[in-house]
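**Student:**
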Amino acid sequence: MALSDPLHMLPPMSMNGEYLRVTPEELARAVKNPEWALELADEIQDAQEENEPAPAEARHFTTHKTWDLLGFLLHRAAFPVDIVHGEEPLAADDWGYGPPRYLTADRVRLAADALHRMTYDQLIHGVDHSELAEAGTYPQIWDSPTSLEWARDLFTPLTTFFQAAASAVQAMLIWLD
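In the UniProt record's numbering, the protein residues as written are 1 to 177.
#1: I'd like to know whether the C-beta atoms of W36 and P100 end up nearer to each other than 7 Å.
#2: Measuring CB to CB, does A105 end up less than 7 Å from F162?
#3: State buried or exposed for E18, treating a residue as buried only when at least 16 other CB atoms are found within 10 Å of its CB.
#4: Count the other C-beta atoms from every protein chain shown that fall within 10 angstroms of the C-beta of V22, then say buried if there are 16 or more, exposed otherwise.
#5: May I ask you to verify whether the segment 46-56 touches the segment 71-85, counting CB pairs closer than 8 Å and requiring at least 3?
#6: With a cut-off of 8 Å, do at least 3 Cβ pairs link the segment 82-99 to the segment 150-157?
#7: For the segment 23-76, list the beta strand (DSSP E) runs that are entirely contained and at least 3 residues long, ordered along the chain.
#8: Restricting to runs no shorter than 4 residues, where is the alpha helix (DSSP H) found entirely within the segment 77-143?
Rendered as structure tokens:
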């Protein structure tokens, strides 16, 4: 990590946005048995650590610490789906920093279509970095105009991940870890 990267100042333990593509059948099972879903998520994350598939082939994706920045920007843009926190509760159990939530396959499709029509430049257009600090956006690194560039490298892969899930008619589990 470069010293110009604001993340070098963060402690090693932090909050990361996590996504897991699931079939409608897996989602139905997850709703009935959230412990099974957590085990599935762990298994897939472990398997992907070894081969790191491209976002279009991956079942797990992380936005790392950019989740709150993306949430701020998407909310500001009146994005039609809450792709940062999910929309439906999956379980009351904590999966890291709160309980997991999910998006149905229909909501994933809507999100993928909206993401496809959006660029990161459109998302950050007119945003002043000080707005992020004022909103208490995690992590607190918003001391320069260039800090808005921080999530650029994850926006396109996140879009690709959602498009692949939509093409496969998959739902999405979402949590902070």
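Even glycine gets a Cβ: it sits at the ideal position worked out from N, Cα and C.
**Tutor:** In short, the structure shows the following:
#1: No, they are not a contact pair.
#2: Cβ distance not < 7 Å, so A105 and F162 don't count as in contact.
#3: Per the 10 Å Cβ criterion, buried.
#4: Flag for V22 reads buried.
#5: No, the segment 46-56 is not in contact with the segment 71-85.
#6: Touching, no, given that fewer than three Cβ pairs across the two stretches are closer than 8 Å.
#7: Fully enclosed beta strand (DSSP E) runs of 3 or longer: 60-64.
#8: Complete alpha helix (DSSP H) runs here, min 4: 105-116, 120-124 and 129-134.
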